[in-house]
Amino acid sequence: MKLFRWQGVLAFALVGGVVGVFLFLFLDGMIERGIEEKGSEVAKTQIDIGSLTTSLLSQSVALSRIEIANPDNNMENLIQFEKLSLDLNGAQIVSHKIIIDELQAHGIKLNQKRTQPAQVIRSAESTQEAGQESAASQSSLPGLGELSGLSVKSPEEILKSEKLETLEAGNRAKKTIDDLKAKWEKKFETDLNPNALKETQQKLTELQKKVTGGDLTEIPKALQEFENLQKDIQDRMNRITSMKSEFEKDMQMAKQQVADLKNLPQKDFERLKNKYSLSPGGGKNILGSMLEGPLKEKLDKAWKTYKMISPYLNQGKKSSREQQEYVRGKGIDISFAKASPYPDFLLKHGDLSLILFDTEVKGEVKDLSDNQTVYGKPAKLNFQSGKNQNFNSFALAVTMDKTGPQSLDSIALDMQGLNLKNVGQAELKDGSAKINGLLTIIDENNLNGIFKAELDGVALSIPQQEGNELANTIAQSLSSIDRINISVEISGTIENYQLDIKSNLTEIVSKAVKKALAGKMKGFESSLMSAIQAKTGDVLSGTSGSLSGLLGQNKILNDSGSAYGGLLGQAKGGATELAKPKGGLSLPGGLKLPF
Amino acid sequence: MIRQVLKVFKALNSNEKPWQLSLGLAFGGVIGLMPLWTPHNIVLLFLAFIINLNFALLLIGVFFFSGIAYILDPLFHQIGLAVLTSEGLQSFWNGFFSNSIFLFDRLNNTLVMGSLIFSLISAVPLFFIFNFLIRKYREHLMGLLEKIPFLKSLKLAKAFNTVTGGGS
């Protein structure tokens, strides 16, 4: 029997041919579905591709209508591309590396509405909220909608939701005093037992009787008994003195606690007044609350996207073998330094075209890789545009440098002469803006940056809100201004960052608040004070009552002290009398002593 | 399942040489023990097409040894990891993997490398063991099994199906 069957070559070629034809016919569709399914799984949001065409000869891929849904709002695309074409390095594909020599991305649009809702939905609630937020942001300037929330709560409502320090401290003080009272009552029962006083008194009376009996032989014994009794009484008096001193200390502490309560209602009043009263000096707070919320909302979205992208661009930190985890059925890939001059993913150069305010802005991306420690170059993204109908100039530069041990990412924006008519904000009727700033993110977490916006020739038109006098006054005062400067300083970490907002509007809003609230706030303050007093009155009087009760216990100590003092006097007197030679002391048989 | 069993018996009782059958099983073992979608499996498949081995037993071998591979997966990973990270072999691997074709073959993966080493080493003894067993079967058991009524009935059922066109 022959070892080889050469007709097997034909069979193999036939099978190979069938597989080849199948791939030729269906490869594009398979890749498209693969990207849509696997990409959606990885990105945790729906990815749609209109069409995908591959060319093995030119080693290129062309895609059209790519949509990546916003994970937080299924009716919005985070980013979409009209056309995307990639020239791949075929030799590197063999090494399982995706090296894109050249990329062309046209018609990039951000935050566009979807025609159909995305399938990946985290929760219906968040989607609904996001949808509402989106609708709100479309119709009004950030924060101006917040004017509707500028109303003053009634003191009763405030006290329902706020804790009063007076109440807490009052309850604490009352408990302390009641505990002290209980402690001293117990001490009096044990250490100042009334029976003990009676017994001592009885002993003294009996001793006095014994002495008056006139038996001479009993004198030394009686003297000794007097001495013992004196010592006993003295001990008790010493104990009472020490108790008095301890009681005095406890009293001082209780008095101090009650005295401290005196100023607390005023302190509570000041705190709540500052928090809830729209004081004439509160313009800064109002402006902060108007702008901070919407800004944070947008920044949070940006951080979320940044955090979603960052791990894919920083695989260098994970490349050491120890950090790879063995997965059953997959194993781990071992990297060999000399064999891997390229990272697993690299986009060498890409031409981009972003649609911003319905205007095309050209840009480029360079050296975007998943492992900058291997490639050695930071990723750079730049967009630039000259004068057009929407702005005089636009420049955006993003750098993601993860080549060193510490990641350093930065974003710099410079926009001149932005026509405010076309920014889609209903309240802005006219004017232009100059926006610039720089934000750096160190170690993918620590933020430091400042952005400034100067709006010139502004015409604001904010609709009146029925029944909200304060909001209307502020809106009216804002409508008369034509120049706005806002600077926003960002610091802290992505998880916990602070915004320091400064603006010339502070003064304008402050004046408006002063005008609207001058009369109202006085009434609010007096009723707030009355409400605090009414709420804390019982606790304060209860505490005073408890202190009086404790003070009353001092009398018991004084009375006991006096009683024992009297007994000691009597005992001393009795002993002295006994020790004195008395002429009247008769000896048996009429004899007289020789001394 | 019955069809597979019949295929085995058909092959065992056929006129094919024992080495053809045992080579089919050994090839099936090598392919089955390794991750299926690797380029070198295509080479093995090509060899299986041109070498005069029993293809039915190869497929049965692939099916059977794929199950064994799942159980031995951690062992393959350990072997691959030990070989690929061995200090003494680093310069060799650096040179070896500078050729992209080996990276394309995913030989730098611990599971692929581990299973390849294990399956190639075990293929030789497997071939001889299968060969020995087939010879022993043909010498002692084939005649006896032919007489078992159950197997006869299976054969008859198969023949009946073939005639009537029922089943597969």
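One line per chain: the protein sequences are R and D, in this order. Using this note's numbering, read the first sequence as starting at 1 and increasing by one per residue. Using this note's numbering, read the second sequence as starting at 1001 and increasing by one per residue. Just so you know, even glycine gets a beta-carbon here, dropped at the ideal spot from N, CA and C.
R:G457 burial status per 10 Å Cβ neighbour count (16 or more: buried): The residue given as residue 457 of chain R occupies position 457 in the first sequence. R:G457 is exposed by the Cβ-count criterion.
Mind checking if R:D344 is an interface residue toward chain D, Cβ cutoff 8 Å exclusive? For the purposes of this step, residue 344 of chain R is identified with residue 344 of the first sequence, where counting begins at 1. Chain D, which has no Cβ nearer than 8 Å to the Cβ of R:D344, makes this no.
Beta carbon proximity, R:D101 to chain D, threshold 8 Å: Taking the first residue of the first sequence as position 1, residue 101 of chain R is located at position 101. For R:D101, the answer is no, since every Cβ of chain D falls outside 8 Å of its Cβ.
Going by DSSP in three states, R:K362 sits in which element: helix, strand or coil? Counting from 1 along the first sequence, the entry for residue 362 of chain R is found at position 362. Strand.
Nearest-angstrom Cα separation, counted from R:G376 out to R:L347: Within the first sequence, numbered from 1, the residue matching residue 347 of chain R stands at position 347. Within the first sequence, numbered from 1, the residue matching residue 376 of chain R stands at position 376. Rounded to the nearest angstrom, the two C-alpha atoms are 13 Å apart.
Classify R:P155: buried if its beta carbon has 16 or more other beta carbons within 10 angstroms, exposed otherwise. Translated into positions along the first sequence, residue 155 of chain R becomes position 155. The residue in question, R:P155, is buried, as its Cβ has 16 or more Cβ neighbours within 10 Å.
May I ask you to list, following chain order, the residues of the segment 1084–1101 of chain D that have a beta carbon less than 7 Å from some beta carbon of chain B? Considering every chain present, this structure includes no chain B. Its protein chains are R and D.
R:K2 at chain D interface by Cβ criterion, 8 Å: Walking along the first sequence from the start, residue 2 of chain R turns up at place 2. Taking 8 Å as the threshold, the shortest C-beta distance from R:K2 to chain D falls below it.
I need the straight-line Cα distance from R:K267 to R:F81, nearest angstrom please. The residue you call residue 267 of chain R lines up with position 267 of the first sequence. The residue you call residue 81 of chain R lines up with position 81 of the first sequence. Distance between the alpha carbons of R:K267 and R:F81: 59 Å.
What do you reckon, are the CB atoms on D:L1126 and D:G1029 nearer than 8 Å? Walking along the second sequence from the start, residue 1126 of chain D turns up at place 126. Walking along the second sequence from the start, residue 1029 of chain D turns up at place 29. Against a cut-off of 8 Å, the Cβ pair of D:G1029 and D:L1126 comes out as a contact.
Nearest to D:I1101 by CA position, among R:A91, R:L103 and R:I108, is which residue? On the second sequence, residue 1101 of chain D is found 101 positions in, with the first residue counted as 1. The option with the nearest alpha carbon to D:I1101 is R:A91.
Through-space distance from R:T54 to R:V61, alpha-carbon basis: The sequence position of residue 61 of chain R within the first sequence is 61, counting from 1. The sequence position of residue 54 of chain R within the first sequence is 54, counting from 1. In a straight line, the C-alpha of R:V61 is about 4 Å away from that of R:T54.
For the putative contact between R:I49 and R:I79, defined by C-beta atoms under 8 Å, what is the C-beta separation to the nearest angstrom? Here the question's residue 49 of chain R lines up with position 49 in the first sequence. Here the question's residue 79 of chain R lines up with position 79 in the first sequence. Beta-carbon to beta-carbon, R:I49 and R:I79 are separated by about 13 Å, too far to satisfy the 8 Å threshold.
Can you give me the C-alpha to C-alpha distance between R:G542 and R:G170, rounded to a whole angstrom? Residue mapping note: residue 542 of chain R aligns to position 542 of the first sequence, counting from 1. Residue mapping note: residue 170 of chain R aligns to position 170 of the first sequence, counting from 1. Cα to Cα, the separation comes out at about 9 Å.
So, for R:N558: in the same chain, excluding its five sequence neighbours on each side, which residues have a beta-carbon less than 6 Å away from its beta-carbon? Taking the first residue of the first sequence as 1, we reach residue 558 of chain R at position 558. Cβ neighbours of R:N558 beyond the five flanking positions: none.
Hey, would you say R:L447 sits closer than 8 Å to R:G492, going by beta carbons? Residue numbering aside, residue 447 of chain R sits at position 447 when the first sequence is read from its first letter. Residue numbering aside, residue 492 of chain R sits at position 492 when the first sequence is read from its first letter. Result yes, Cβ atoms of R:L447 and R:G492 sit closer than 8 Å.
Alpha carbon to alpha carbon, how far is R:Q59 from R:I98? By 1-based counting over the first sequence, the position of residue 59 of chain R is 59. By 1-based counting over the first sequence, the position of residue 98 of chain R is 98. Looking at the two C-alpha atoms, the distance is approximately 11 Å.
Report the residue ranges of all beta strand (DSSP E) runs contained in full by the segment 486–538 of chain R; include only those spanning at least 3 residues, in chain order. If only uninterrupted beta strand (DSSP E) runs of at least 3 residues are considered, those enclosed by the segment 486–538 of chain R are 497–503.
For R:E129, which residues of its own chain have a beta-carbon under 7 Å away from its beta-carbon, when the five flanking residues on both sides are left out? Counting from one through the first sequence, the residue named residue 129 of chain R turns up at place 129. Confidence at R:E129 is low in this model, with a pLDDT of 46, below 50, so its placement is unreliable and no value can be given for it.
Buried or exposed: which applies to D:F1097, given that a residue is buried once 16 or more other Cβ atoms fall within 10 Å of its Cβ? For the purposes of this step, residue 1097 of chain D is identified with residue 97 of the second sequence, where counting begins at 1. D:F1097 comes out buried.
In or out: R:D72 buried (at least 16 other Cβ within 10 Å) or exposed? Within the first sequence, residue 72 of chain R is the residue found at index 72, counting from 1. Flag for R:D72 reads buried.
Report the start-end ranges of each beta strand (DSSP E) in the segment 31–106 of chain R that is 3 residues or longer and not cut off at the edges. DSSP runs (the beta strand (DSSP E)) wholly in the segment 31–106 of chain R: 47–55, 60–70 and 73–88.
Using C-beta distances below 6 Å, list every residue in its chain close to R:S527, excluding the 5 sequence neighbours before and after it, in chain order. For the purposes of this step, residue 527 of chain R is taken as residue 527 along the first sequence, with counting starting at 1. Around R:S527: P155.
D:G1080 touches chain R at which residues, Cβ-Cβ below 7 Å? As a first step, residue 1080 of chain D must be located in the second sequence, where it is residue number 80. The contacting residues are G331.
Which ranges would you report for the alpha helix (DSSP H) in the segment 1107–1157 of chain D if only whole runs of at least 4 residues count? 1110–1136 and 1142–1146
Write down every uninterrupted run of the beta strand (DSSP E) in the segment 396–427 of chain R whose length is 3 residues or greater and which is fully enclosed by it, in chain order. 408–419
Residues that DSSP places opposite R:T440 in a beta bridge: Here the question's residue 440 of chain R lines up with position 440 in the first sequence. Note: R:T440 is bridge-paired with R:S410 and R:N448 in the DSSP secondary-structure output.
Of the residues R:V94, R:E165, R:L84 and R:N70, the one placed nearest R:A616, counting alpha carbons only: In the structure displayed, chain R extends from 1 to 595; residue 616 of chain R sits before or after that span and is not available.
Interface positions of the segment 1102–1126 of chain D facing chain R (Cβ-Cβ less than 8 Å), listed along the chain: Cβ contacts with chain R come from L1103, F1104, R1106, N1108, N1109, T1110, L1111, V1112 and G1114.
Looking only at DSSP bridge pairs, what is R:V369 linked to? Taking the first sequence and counting its residues from 1, one reaches residue 369 of chain R at position 369. Note on identity: in this sequence residue 369 of chain R is Ser, with Val being the wrong assignment. Answer is R:L346, bridged to R:S369.
Residues of chain R with CB closer than 7 Å to the CB of D:F1063, please, in chain order. On the second sequence, position 63 is the one that residue 1063 of chain D refers to. The premise fails here: D:F1063 is roughly 17 Å from chain R at the closest Cβ pair, so nothing lies under 7 Å.
Same chain, Cβ closer than 8 Å to R:D344, neighbours up to 5 away in sequence not counted: Numbered from its first residue, the first sequence carries residue 344 of chain R at position 344. Only H96, K97, I98, Q315, D370 and N371 meet the Cβ criterion.
Determine, using beta carbons only, whether R:I603 and R:V509 come nearer to each other than 8 Å. Any question about residue 603 of chain R goes unanswered here, given that chain R covers just 1 to 595.
When the Cα atoms are used, what is the spatial distance from D:T1184 to R:I47? There is no way to answer for residue 1184 of chain D, as the model of chain D reaches only from 1001 to 1168.
What first and last residue would you give for the alpha helix (DSSP H) that runs through D:K1017? To locate residue 1017 of chain D, count along the second sequence from 1; it is residue 17. For D:K1017, no alpha helix (DSSP H) run applies, since DSSP gives it neither H nor E.
Listing by chain order, which chain R residues have their CB less than 7 Å from the CB of D:F1046? Taking the second sequence and counting its residues from 1, the one referred to as residue 1046 of chain D is at position 46. Those are F12, listed as they occur along chain R.
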